[in-house]
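Take a look at the structure below.
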Amino acid sequence: MAFNIYDFTTLTHDIHVGLAESFSPFLATTIEWVIVGVVYLLFVALFGLFLVYAERKVCAAFQQRLGPTRVGPWGIFQTIADFIKLLMKELIMPRKADWFLYNLAPFIVIIASFLAIAVLPFAPGLQALDFDIGVFYLTAVSSVGVIGILLAGWSSNNKFSLIGAMRSGAQILSYELSVSLSLLTMVVFAGTMQFSAIVEGQRDAWFIFSGHIPAIIAFVIFLIAGTAETNRGPFDLAEAESELVAGFHTEYSGIKFAMFFLAEYINLFIVSAVAATVFLGGWMPLHFGNFESFNHVMDFIPPVIWFFMKVLTVIFIIMWFKWTFPRLRVDQILTLEWKYLLPINLVNILLMALVVLTKFHF
Amino acid sequence: MKSFIEYIVSIFKGVWTLLIGMKVTGKYVFTPWKHVTHQYPENRDTLVMFERFRGEVIMPHDANNEHKCTGCGICELNCPNGSIEIITKSIVTPEGKKKRLIDQHIYHLGMCTLCNLCVKACPTGAIVMGQNFEHAVWDRAKLTKVLNQPGSKISEGVKE
Amino acid sequence: MTNDELKTVLTERFPAAEIKQGFQYVEMIVKAEDLHETAVQLKQTDEFYFDYLICLTGIDYPENMGITYHLESVKHRHVMVLKVRTTDRVNPAIDTVSDVWITAKYHEREVYDLLGVHFNNHTDLRRLFLEDGWGFPLRKDYVDEVRIVER
Amino acid sequence: MSEIREVIVKTDRLATDKYQVNMGPQHPSTHGVLRLLVTLEGEKVLNVQPHTGYIHSGIEKMCEAITYPQIIHLTDRMDYLSAHMSNEAVALCVENALQIEVPDRVKYIRTIMDELTRLASHQLWWCVYGMDLGALTTFFYGLRDRELILDIFEETCGARMTVSYNTPGGLMFDIHPNFQKRVKDYIKYFKTKLPEYDKLLTGNVIMRERTEGIGYLTLEDAIDFGVTGPSGRASGFSSDVRKHQPYSAYPLVKFNEILDHRCDSLARYEVRILEMWESISIIEQLIDNIPEGDYALKMKGVLKLPEGEFYQRVETARGEFGVFIVSDGKKNPYRIKFRSPGFSNLFALNNMAKGHKIADLVAIMSTLDLIIPDIDR
Chain A
16 MAFNIYDFTT
26 LTHDIHVGLA
36 ESFSPFLATT
46 IEWVIVGVVY
56 LLFVALFGLF
66 LVYAERKVCA
76 AFQQRLGPTR
86 VGPWGIFQTI
96 ADFIKLLMKE
106 LIMPRKADWF
116 LYNLAPFIVI
126 IASFLAIAVL
136 PFAPGLQALD
146 FDIGVFYLTA
156 VSSVGVIGIL
166 LAGWSSNNKF
176 SLIGAMRSGA
186 QILSYELSVS
196 LSLLTMVVFA
206 GTMQFSAIVE
216 GQRDAWFIFS
226 GHIPAIIAFV
236 IFLIAGTAET
246 NRGPFDLAEA
256 ESELVAGFHT
266 EYSGIKFAMF
276 FLAEYINLFI
286 VSAVAATVFL
296 GGWMPLHFGN
306 FESFNHVMDF
316 IPPVIWFFMK
326 VLTVIFIIMW
336 FKWTFPRLRV
346 DQILTLEWKY
356 LLPINLVNIL
366 LMALVVLTKF
376 HF
Chain B
10 MKSFIEYIVS
20 IFKGVWTLLI
30 GMKVTGKYVF
40 TPWKHVTHQY
50 PENRDTLVMF
60 ERFRGEVIMP
70 HDANNEHKCT
80 GCGICELNCP
90 NGSIEIITKS
100 IVTPEGKKKR
110 LIDQHIYHLG
120 MCTLCNLCVK
130 ACPTGAIVMG
140 QNFEHAVWDR
150 AKLTKVLNQP
160 GSKISEGVKE
Chain C
369 MTNDELKTVL
379 TERFPAAEIK
389 QGFQYVEMIV
399 KAEDLHETAV
409 QLKQTDEFYF
419 DYLICLTGID
429 YPENMGITYH
439 LESVKHRHVM
449 VLKVRTTDRV
459 NPAIDTVSDV
469 WITAKYHERE
479 VYDLLGVHFN
489 NHTDLRRLFL
499 EDGWGFPLRK
509 DYVDEVRIVE
519 R
Chain D
195 MSEIREVIVK
205 TDRLATDKYQ
215 VNMGPQHPST
225 HGVLRLLVTL
235 EGEKVLNVQP
245 HTGYIHSGIE
255 KMCEAITYPQ
265 IIHLTDRMDY
275 LSAHMSNEAV
285 ALCVENALQI
295 EVPDRVKYIR
305 TIMDELTRLA
315 SHQLWWCVYG
325 MDLGALTTFF
335 YGLRDRELIL
345 DIFEETCGAR
355 MTVSYNTPGG
365 LMFDIHPNFQ
375 KRVKDYIKYF
385 KTKLPEYDKL
395 LTGNVIMRER
405 TEGIGYLTLE
415 DAIDFGVTGP
425 SGRASGFSSD
435 VRKHQPYSAY
445 PLVKFNEILD
455 HRCDSLARYE
465 VRILEMWESI
475 SIIEQLIDNI
485 PEGDYALKMK
495 GVLKLPEGEF
505 YQRVETARGE
515 FGVFIVSDGK
525 KNPYRIKFRS
535 PGFSNLFALN
545 NMAKGHKIAD
555 LVAIMSTLDL
565 IIPDIDR
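Residue numbers (my numbering), protein chains in the order written: chain A, 16 to 377; chain B, 10 to 169; chain C, 369 to 519; chain D, 195 to 571.
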């Protein structure tokens, strides 16, 4: 097994060959599935916990506080302690709630996030699913989550939850358009829907640089719409604390609440990862035209690090939004989408098509 | 056309105000060492309360276990909540005079609103406000305190 | 208008009422049956124009129940006190002024809650703070052996 | 045909359904224990009915059993953010009834303390308002600045919120030797922070969209409902007691009564921001000129008010606060009534929130700056 931090293709290939030699093809595939599943599960759980911790520390820095300090040095075990607490908490269900849907909802939400994470390329060769309609698949499965939210709000038999779920439904359905259209703009530019090919296309320059104006507009729109799609502030009106107590997950406790909580942060990761992949070059190092020495130094940093640096930067920007802006009202959120983002987006696609046709790009 | 220009201008103006807001919070996030949090239990050794801070009523005793309380009961009268009870005892002085002295100065911290009226009214300055504010106890009965220490007596020279 | 002028004008206008100079403001005591009419005139007549009801207080006097209204005119900036009394202490009833000053609606509910004064023609006379079935705590004959500790 | 009709009937039944939601008593945005029974149609508010009394503590009844100096510490507990003004109202009322004049030093210190309290209260209002709109960071910036005022209070009065600093005839203590310096430092510091408030929230396009034209309260309604304070002044209701019936050192200082005629949430917001500037200017005028003298008059051990009825109005951070004492010549009042600004302000809520969205209801309620113990007493 040849482990190479710059390219995981050989590693995954070796594992596959090794398994195929020792087991029957069916068993080998099953074992591969299990390995991939466990790795993703672990990654999601740990990265989710890290994001919660990061959010608390970043938010504390915004507010001139310290954030968690008690559990472990600088409070790094705080989220793990919280998670253990949530695991041990009693699961409370409202008496008149719909038993089946109430219990189903958190799973739908978290499964949707898992599905979406599968197509993201973390590094060369480090991608569970690499197929030619990657972008299309991602936009499709990422909107499955809203069904879980709607079910959660409806089945808990609580008016606050219901209002929250309805808001969330209207919001996510609308912003799905903007997310798809801004991705579509970049698909027009890249000429492919396959994530690995999109990343490969940015070897010389990231799309946000090479696509200049339309790409930047698309990036900004994607950030706004992505924030809205993850139900984060200033678009957190599905769980608007000051209005609806906790929105659609008011009645959830313990591990089911933890699932919603985790799903929110995984969604945050997915949106940032997509933004990083499509606009900022994914795991591609920063390259500047002909500065060979500079490019060489950049190449020295492993692609995985590049990927996570970009993702964390985008996450930080999204957190910055949340901790600065007041929340929008439900009608304003729809106005923003239908009167501002959508028309701009459509014009932007045209612009991008012109840019591609006239080859007016780097 | 005019409304279209207004539409474009409104977008840029709106985004500009948002950026100004982000600049304010951004200034703080990149200077995280300027935090305002006091880490309370950790800074207990260095924590100094203001001298006038009202934490609880205490009766200072000097080195000879003497206090200044005559048991006149003015603090009890001035207390709005009935959190002070004075129990006096009668003794016969060696000269054969009957004299009333403080037996127990009972103070119900649980009922006290720390209004400072008793301290202000005390004619001999026997009670003062203490700076301790960590009053949490497991048993509510512990909030009822006897302020004069056992075996203490009134110091000489306090006029009655 | 200064207090003296106000007093003169009020005396002319409401001969039936008892008008005197109180500690700070002009006080006018009207009969319970005249209250509503007086209130309407005080608010609507241009020279008084008492459009702002500052405070409405119910008082349990030894012999009677009284309501005191503190009125101010935002236009003329004069203040007066309107008082009304009823001798019936068991089931006191006074006309509402909530149709004259809306804020009285809620002040009257408070008075009803704490003193048990009934306001005729009040549209929404419910208790404001306490549970139904509670006594009227601000009455002087209110006894509550459980919650009130005498010293 | 009949099938179609059935479908129409069914959808019709779905379309118009009102429902009621209890906001509170344990709701994050009711700032305590207020319960609002809200009738909604979708997200639209049709009717708001406040239910009070969850924190009714019978202060007026308690006051009938205690003496006048003792009443003051109970007024702390009503409007805990304007504790000093409520204290002052009782002290002034007793002083007026006894017809005594407090030394100038007392007047100056009281006025400075009033304005510091107003600043602290408006800061807390600002940060909570941001939080109700969803901008959580404002909460910490507001509290950060308020904390320093509370430190000043703690040093001079001995308590942070329930100060009990006034007594009939003067003050509990003289000001702390550090007081003047600390206040001046604070004013200098806060003058750099207040523009930041504007940058963070006032100018923000989302905040303006959320507040402009929302929660309209006409001047007539404001007067009729008795909505005083910044909320009333935003409707053009000139109700500043400091101007119209000045007390303490207010006749000696120059300040503007902030009036706004836009009547909406944004006006109520901006009136408070401008009032903070006014407070700063009042403090600046007084802080260097505190005259020497006694900090309290020598009062009798037992205060007895003459028989009669006494009313004293002061301006708290929320509006007009009134103390009405009916005395029968004894050492405790026969009847005492507190006219609290929150009580009158609260009931205008239905008028303002009708027809708006549920999110606006929260925003409007926050602009009224309600303190629930002040309403329930």
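No residue lacks a Cβ here, since even glycine has one placed at the ideal position from N, Cα and C.
Remember, predicted model here, so these are calculated numbers, not experimental data.
Item                                                                                                              : Value
Short CB-CB distance (under 7 Å) between A277/D and chain B                                                       : no
C-alpha gap between N450/D and E472/D, whole angstroms                                                            : 7 Å
Rounded straight-line distance, which links the Cα of E258/D to that of P362/D                                    : 17 Å
Interface flag, S257/A vs chain D, CB-CB below 7 Å                                                                : yes
Rounded separation between G626/D and Y248/D - CA only                                                            : Nothing can be reported for residue 626/D, as the shown portion of chain D is limited to 195 through 571.
Spatial neighbours of G523/D in its chain, beta-carbon cut-off 8 Å, leaving aside the 5 residues before and after : K498, L499, P500 and E501
Minimum Cβ-Cβ distance from S251/D to chain C less than 7 Å                                                       : no
Against chain B: residues of the stretch 389-421 of chain D by CB proximity under 7 Å                             : E390, K393, L394, G397, N398 and V399
Endpoints, beta strand (DSSP E) assigned at F515/D                                                                : E514 to S521
Distance, R182/A Cα to M195/D Cα                                                                                  : Because M195/D sits at a pLDDT of 45, beneath the cut-off of 50, its placement in the model cannot be relied upon, and the point is left open.
Presumed contact (8 Å Cβ cut-off) between P136/A and S225/A, rounded CB distance                                  : About 19 Å; that fails the 8 Å criterion.
Chain-ordered residues of the stretch 461-481 of chain D with a beta carbon less than 8 Å from chain A            : none
Any C-beta of chain D under 7 Å from that of F204/A                                                               : no
Cβ contact check for the stretch 179-193 of chain A and the stretch 226-245 of chain A: 3 or more pairs under 8 Å : yes
Closer than 9 Å at the beta carbon, the chain A residues around T233/D                                            : Within chain A, no residue comes near T233/D; the closest Cβ sits about 12 Å away, beyond 9 Å.
Nearest residue (CA-CA) to E105/A, options T84/A, S268/A and G82/A                                                : S268/A
Cross-strand partners of M138/B (DSSP beta bridge)                                                                : V66/B
Nearest-angstrom Cα separation, counted from A511/D out to R312/D                                                 : 5 Å
Anticipated Cβ contact below 8 Å, I408/D with D554/D, distance rounded                                            : 5 Å
Minimum Cβ-Cβ distance from W338/A to chain D less than 7 Å                                                       : yes
Residue from H250/D, G218/D, T233/D and I569/D with nearest C-alpha to R212/D                                     : Here residue 212/D turns out to be Lys, not Arg, going by the sequence shown. For the residues H250/D, G218/D, T233/D and I569/D, the minimum Cα distance to K212/D belongs to T233/D.
Three-state class that DSSP yields for Y340/C in the structure shown                                              : Past the edges of chain C, shown from 369 to 519, lies residue 340/C, and the structure says nothing about it.
Proximity test, Cβ basis, 7 Å: V215/D and chain C                                                                 : no
Amino acids of chain B, ordered along the chain, whose beta-carbon sits closer than 8 Å to that of V73/A          : V38
Interface partners of Q79/A on chain B, CB under 7 Å                                                              : Y37, K43, H44 and V45
Bridge partners - P485/D, DSSP secondary structure assignment                                                     : The partner list for P485/D (beta bridge, DSSP) is empty, contrary to what the question assumes.
Residue-level contact to chain A via CB, K551/D, 7 Å cutoff                                                       : yes
At least 3 beta-carbon pairs within less than 8 Å: the stretch 18-37 of chain B vs the stretch 103-115 of chain B : no
Simplified DSSP state of S225/A, which is helix, strand or coil                                                   : helix
Proximity to A314/D [Cα-Cα], best of V284/D, M279/D and A291/D                                                    : M279/D
Through-space distance from D219/A to N305/A, alpha-carbon basis                                                  : 9 Å
Distance CB(E235/D)-CB(I552/D) smaller than 7 Å                                                                   : no
Sequence-distant residues of the same chain with beta carbon closer than 6 Å to T356/D, five excluded per side    : D270 and A277
Neighbour flag for L343/A against chain D, beta carbons, 7 Å                                                      : yes
Straight-line Cα distance separating I162/A from S170/A                                                           : 12 Å
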